[in-house]
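Step one of this worksheet: look at the structure below.
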Amino acid sequence: MDFNNAETSRVRVCLIGNSKLSKLVHSLIPEFASIADVIIIDSIFNDALMSARRLVEHDAVDVFVSAGANAFYLQDTLTVPVVALKVLQSDLVNAVLKARQVSRTMLILTHEHQGAWTEFLDYVEGVEIVHRTYQTAEEAKDIFNGIDKGGFGVVIGTSYVCDLAEQADIPYILIYSRDACRQMVRKAIAVAGEYKR
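Using the numbering used here, you'd call the opening residue of the sequence shown number -13 and step up by one each time.
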């Protein structure tokens, strides 16, 4: 057996994310250890792009995974495939149910391209929900800072949005689930396999 070929046939997946998303994906690495090398770059936007470009230049990555504005930013600028995390309908339902235990007033702040199936929000009884979307991190920060913090008791959002809430001492619920992250990594491995052919 040619061990060099066996080693190069392993898929090299790189997560570009921050804090809470990075922790979720890190917890999944053992599940994929036999077929993929997963590295995590805990960074966003320009810093993330510089790190990603270095990996591409050194042919050290087959596919990137990311979420929210980061994913769409990277998809627009990199030549290597970027798989974006898909928010599942069950993720939003579960996040709202968890948030309802914290407060009856909530802000949901998500990237505009993340399907969030928000139609069901009209049918959630006994809660007051404000849903906003953003395109860039700067816009997310502006929206977050521009909203009356007294108008909601909990924030549901992306990793970056949860970081904003944490900095403001507001309870938060991450909209991403382990299952959605697992599906993202699986899809990335499949995409990388096609890309490497």
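No residue lacks a Cβ here, since even glycine has one placed at the ideal position from N, Cα and C.
Opening and closing residue of the alpha helix (DSSP H) in which residue i lies
i   : result
T63 : 54 to 63
I15 : 15 to 18
L35 : 31 to 43
Within 8 Å, strictly: CB atoms of residue i and residue j
i     : j    : result
V42   : L64  : yes
A19   : I27  : no
Y158  : A126 : no
A70   : A53  : yes
V(-3) : A38  : no
I25   : N4   : no
G143  : T104 : no
D48   : A178 : yes
Element boundaries [beta strand (DSSP E), containing residue i]
i    : result
H12  : Premise fails: H12 lies in the alpha helix (DSSP H), 5 to 12, not in any beta strand (DSSP E).
I26  : 22 to 28
A70  : 68 to 70
L160 : 158 to 160
Among the options, nearest to residue i - alpha-carbon criterion
i    : options               : result
M36  : N56, E17, V24, I175   : N56
V66  : G143, C0, K135, D155  : C0
Q153 : S52, L107, K135, M170 : K135
A116 : V110, S(-5), L83, T91 : According to the sequence as given, residue 116 is Val; it is not Ala. Nearest option by C-alpha distance: T91.
A174 : D45, G3, F50          : F50
F58  : V(-3), D23, Y120      : Y120
A46  : I156, V171, S(-5)     : S(-5)
E111 : T122, Y181, L83       : L83
I94  : V141, D128, Y109      : V141
Contact set for residue i: own chain, Cβ-Cβ below 8 Å, skip 5 residues either direction
i    : result
R168 : L14, E17
Beta-carbon proximity list for residue i, same chain, < 6 Å, skipping 5 on both sides
i    : result
R163 : It is worth fixing the name first, because residue 163 is Ser in this sequence and not Arg. Closer than 6 Å at the Cβ level, and outside the excluded window around S163, lie D77.
R86  : V113
L150 : F130
L74  : A166
F138 : T91, M92, L93
I156 : V141
Proximity test, Cβ basis, 8 Å: residue i and chain E
i   : result
L64 : Among the protein chains of the structure shown there is no chain E, as only one such chain exists.
Mind pulling the alpha helix (DSSP H) runs of 4 or more residues that sit fully within the stretch 85 to 150?
123 to 132
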